[in-house]
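Residue numbers (the working numbering): 65 to 130. The beta carbon of each residue, even a glycine, is placed where N, CA and C say it ideally should be.
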Amino acid sequence: MKIELTNNELMTIELSLMHEIRKNDSIINETTGKLKETLLKQNNEMKVIINKLKEMMLLNIKKECI
Numbered sequence: 065m066k067i068e069l070t071n072n073e074l075m076t077i078e079l080s081l082m083h084e085i086r087k088n089d090s091i092i093n094e095t096t097g098k099l100k101e102t103l104l105k106q107n108n109e110m111k112v113i114i115n116k117l118k119e120m121m122l123l124n125i126k127k128e129c130i
């Protein structure tokens with residue numbers, strides 16, 4: 065099943081992920097050990113997703129130009 069999202073929807077998801085990353089960063093600065101490790105991993109995964117969202121937005125723009 066293929067789902068297509070508008071750039072506005074993609075940006076909303078991106079902003080939500082960026083907010084979560086900032087929340088995690090504030091916790092990371094105050095903690096150590098396994099929790100810090102888990103949050104760092106989660107942040108990296110969300111950054112990868114953000115990059116994919118940006119790629120999808122570019123593809124949407126290219127489709128509109130054609």
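Item	Value
Please go through the same chain and pick out, in chain order, the residues whose beta-carbon is closer than 7 angstroms to the beta-carbon of Leu104, but skip the five residues on each side of it.	Ile92
Measuring CA to CA, which of Asn71, Lys66, Asn107 and Met65 is closest to Lys126?	Asn71
Within its chain, find whatever has a CB closer than 8 angstroms to the CB of Met121; leave out the 5 residues flanking it on each side and keep chain order.	Asn71, Leu74 and Met75
Go ahead and pull the three-state DSSP assignment for Met121.	helix
Give the DSSP-derived three-state secondary structure of Met110 in the structure shown.	helix
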